[in-house]
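Participant:
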Amino acid sequence: MKMEPLLLLLLCSFSLTLAATDHAQNDSLSLPPQSFEFDITANKAKTSYLVNFNVTTAGRETVPVRANVDTGSDLTWLFGWACQDNKCYCDHAECIQEPTKQPEVGNCDACKNLPNPSCSNEVCRYWPLVYAGGFQTGGMLTRGIFWFNSKQFADVWFGLVDRSKGKFKKDSAGLVGLGRGKLSFISQLRIPFKFSYCLFDPSHPSSSTKLLMGEDVKINEQHRTTLDDRDCDPSHYCVRLKSISLNNKQVDVGEDNMIIDSGTTFTRLKKSIFEKFIQEVNNIMGRRSDPKKIGNYKYEHCYEFQENTQPLDSVSFVFENDLRLKLKKVNFFDEIYDDDAGRKKYLCLTVKKFQGAKEENVLGSRAQIDFEVAISDTPDNKYVSFTEKNCNGKQSNINNTNKEEQLAFQE
């Protein structure tokens, strides 16, 4: 049957339109979702926060692990089965075996983002990564598939640790790094560089919260300050500390940076700032007791609990843009009972003087309890916001919609 030229042209045009539409739909389905969320729980010692996930490396079975969430460092790392110096560093089931096959390309390029790296034949090794308290790790950089809930994340760079020095938390298999560097977990995602979390009081049993990532994370415009890169490590989220207030009395500390770090429990201040801070605390609280050691914690500044009165009821950190982070008692005091003193009750300060060669101010996780912390590090939107809320409840800064489960990663 012979077709008229005009009809043939129309049919061809319609077929091309259908093909183009179908191709565009397939392309949109292959794009990664732009937002997702993970569950956060507290460790048994009530000192840090964990995420649960599964990891698969080349030629190995999938292993369930849980690891600390750390906004103060980049590299995600997990303990491995391998040994160094006749010592095995993995002593629990949540350990990862070395892949049967290493990535053929890319290791040496990625290796350049690590401290003291060495790379030969695309096998990258590093030593050491140093953390607060002096803990150190080292090992091999490799790739794996990470499973959070039902979501699969392919080709994630992470460290397989076979060397360590110092103590690490026993109920954690490692660390999920959320810093600003190229090897951090969030930096490897093809999503807007935004995330938020809401830390609960870890002493509450069975509590959990969410770590949210992507375009749906919202910065609170009324309670925000700018990320400040002055004198700030490229991996850290720094804000500009302008002053500290105790019971609305301002302590003149000058201006300095403060690191937001979910992986450090206690807040730490540089020596010069801490000395002014603690002098005013002592003036308000009165006579100090001897230092106390309870469980894993050593408290340098403790005060006898006074029934029906709380001399120090608020501590505020004032940041640039007139952001006042007003802390409650749970953010700066621990209530402890000393068995050696007849179960006498004390209030012990969870703000300490920084110990280390390079002094830094660090806003620890205890100070962040019951604040929704939202961080945006996109090119045109570099802010941190703190919104006071009950973090034992459900977060409200993400749209919970059904999205594609498979995520792609940047090379």
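Mature numbering (1 follows the signal peptide of the UniProt record, and there is no 0) puts the sequence shown at residues -19 to -1, 1 to 392.
Heads up, the beta-carbon is just placed ideally off N, CA and C, and yes, glycines get one too.
Nothing here was measured: the structure is a model prediction, and the numbers come from that model.
Please classify Gln6: does DSSP put it in a helix, a strand, or coil?
Facilitator: With a pLDDT of only 40 at Gln6, under the threshold of 50, the placement of this residue in the model should not be trusted; the figure read from the coordinates follows. In this structure, Gln6 counts as helix in the three-state DSSP scheme.
Participant: Excluding the 5 residues preceding and the 5 following Asp212 in the sequence, name in chain order all residues of the same chain whose CB lies nearer than 6 Å to its CB.
Facilitator: Within the same chain, Asp212 has close Cβ partners Asn238.
Participant: Using the Cα positions of Gln203 and Asp214, report the straight-line distance between them to the nearest angstrom.
Facilitator: Near 27 Å, if we compare the C-alpha coordinates of Asp214 and Gln203.
Participant: Hey, out of Ser177, Ser226, His282 and Thr190, whose CA is closest to Lys273's CA?
Facilitator: Checking every option, the nearest Cα to that of Lys273 belongs to His282.
Participant: State buried or exposed for Pro360, treating a residue as buried only when at least 16 other CB atoms are found within 10 Å of its CB.
Facilitator: Result: exposed.
Participant: Return the residue from the list Leu170, Gly244, Gly125 and Asp233 that minimises the CA-CA distance to Leu156.
Facilitator: Residue Gly244 is the option with its Cα nearest to Leu156.
Participant: I'd like to check one pair, Phe300 with Thr206: are the Cβ atoms closer than 8 Å?
Facilitator: For Thr206 and Phe300, yes; Cβs fall inside 8 Å.
Participant: If you follow the alpha helix (DSSP H) that Gln260 is in, where does it begin and where does it stop?
Facilitator: Here the alpha helix (DSSP H) through Gln260 covers Lys252 to Met266.
Participant: Could you tell me which residues DSSP pairs with Gln231 in its beta bridges?
Facilitator: Looking at the DSSP assignment, Gln231 forms a beta bridge with Ser226.
Participant: Thinking C-alpha only, which one of Asp143, Tyr30, Leu306 and Ile275 is nearest Lys326?
Facilitator: Comparing Cα positions, the closest option is Ile275.
Participant: Pull up the CB-CB distance for Asn88 and Cys100, whole angstroms please, since I reckon it's below 8 Å.
Facilitator: Sure, about 6 Å apart at Cβ, within 8 Å.
Participant: So does the segment 25 to 40 actually touch the segment 114 to 132, counting three or more Cβ pairs closer than 8 Å?
Facilitator: The answer is yes - the segment 114 to 132 touches the segment 25 to 40, with three or more Cβ pairs under 8 Å.
Participant: Have a look at Ser165, Ala23, Leu141 and Gly120 and flag the residue whose alpha-carbon is nearest the alpha-carbon of Leu56.
Facilitator: Leu56 has its Cα closest to that of Ser165, out of Ser165, Ala23, Leu141 and Gly120.
Participant: In the DSSP assignment, the beta strand (DSSP E) including Phe352 goes from what residue to what residue?
Facilitator: Counting along the chain, the beta strand (DSSP E) containing Phe352 begins and ends at Phe352 to Thr359.
Participant: Along the chain, where does the beta strand (DSSP E) that runs through Lys334 open and close?
Facilitator: Element bounds for Lys334: Val332 to Lys334.
Participant: When burial is assigned at 16 or more other CB atoms within 10 Å of the CB, is Lys252 buried or exposed?
Facilitator: It counts as exposed.
Participant: Determine, using beta carbons only, whether Cys219 and Ile200 come nearer to each other than 8 Å.
Facilitator: No, they are not a contact pair.
Participant: For the alpha helix (DSSP H) containing Ala91, list its first residue and its last residue.
Facilitator: Its alpha helix (DSSP H) spans residues Asn88 to Cys92.
Participant: Distance, Cα to Cα, Thr2 vs Phe139?
Facilitator: Bear in mind that a pLDDT of 42 at Thr2, under 50, signals an unreliable position, so the number given afterwards is only what the model happens to contain. Cα to Cα, Thr2 sits roughly 39 Å from Phe139.
Participant: Alpha carbons only, please: which of Tyr107, Ala113 and Asn130 is nearest the one belonging to Gly119?
Facilitator: Measuring from the Cα of Gly119, the nearest candidate turns out to be Tyr107.
Participant: Helix or strand or just coil, what does DSSP make of Asp320?
Facilitator: Correct three-state label for Asp320: helix.
Participant: Tell me the DSSP bridge mates of Arg205?
Facilitator: Answer is Ser366.
Participant: Is Asp152 helix, strand or coil by DSSP?
Facilitator: Asp152 falls in the coil class under three-state DSSP.
Participant: What residue range does the alpha helix (DSSP H) around Lys310 cover?
Facilitator: Lys310 to Phe313 is the span of the alpha helix (DSSP H), which, as asked, contains Lys310.
Participant: Taking 8 Å as the cut-off, does the segment 16 to 36 touch the segment 184 to 199 (at least 3 CB pairs, one atom from each stretch)?
Facilitator: They touch, by the three-pair rule.
Participant: Would DSSP call Asp143 helix, strand or coil?
Facilitator: Note: Asp143 maps to strand in three-state DSSP.
Participant: In three-state DSSP terms, what is Asn373?
Facilitator: Coil at Asn373, not helix or strand.
Participant: Could you confirm whether any beta carbon from chain C is found closer than 8 Å to the beta carbon of Cys105?
Facilitator: Looking at the structure shown, chain C is missing, and only one protein chain is on hand.
Participant: May I have the straight-line CA-CA distance separating Tyr284 from Ser270, to the nearest angstrom?
Facilitator: Using only the alpha carbons, I get a separation of about 6 Å.
Participant: Tell me which same chain residues have a C-beta within less than 8 Å of the C-beta of Asp294, skipping the five on either side of it?
Facilitator: Excluding positions up to five away in sequence, the list reads Asn228 and Lys310.
Participant: In three-state terms, what does DSSP make of Ala26?
Facilitator: If DSSP states are grouped into helix, strand and coil, Ala26 belongs with coil.
Participant: Counting C-beta neighbours from all protein chains within 10 Å, is the total for Lys223 16 or more, i.e. buried, or is it exposed?
Facilitator: The residue is buried, with at least 16 neighbouring Cβ atoms inside 10 Å.
Participant: Determine the DSSP secondary structure at Arg305, reduced to helix, strand or coil.
Facilitator: In the structure shown, Arg305 sits in a strand (DSSP, three-state: E or B).
Participant: Under the rule that 16 or more other beta-carbon atoms within 10 Å means buried, what is Tyr30, buried or exposed?
Facilitator: So Tyr30 counts as buried.
Participant: Does DSSP put Ile167 in a helix, a strand or coil?
Facilitator: Three-state DSSP puts Ile167 in a helix.
Participant: If I'm right that Ala26 touches Asn277 with Cβ under 8 Å, what's the distance once you round it to whole angstroms?
Facilitator: Ala26 to Asn277, Cβ: 6 Å. Contact.
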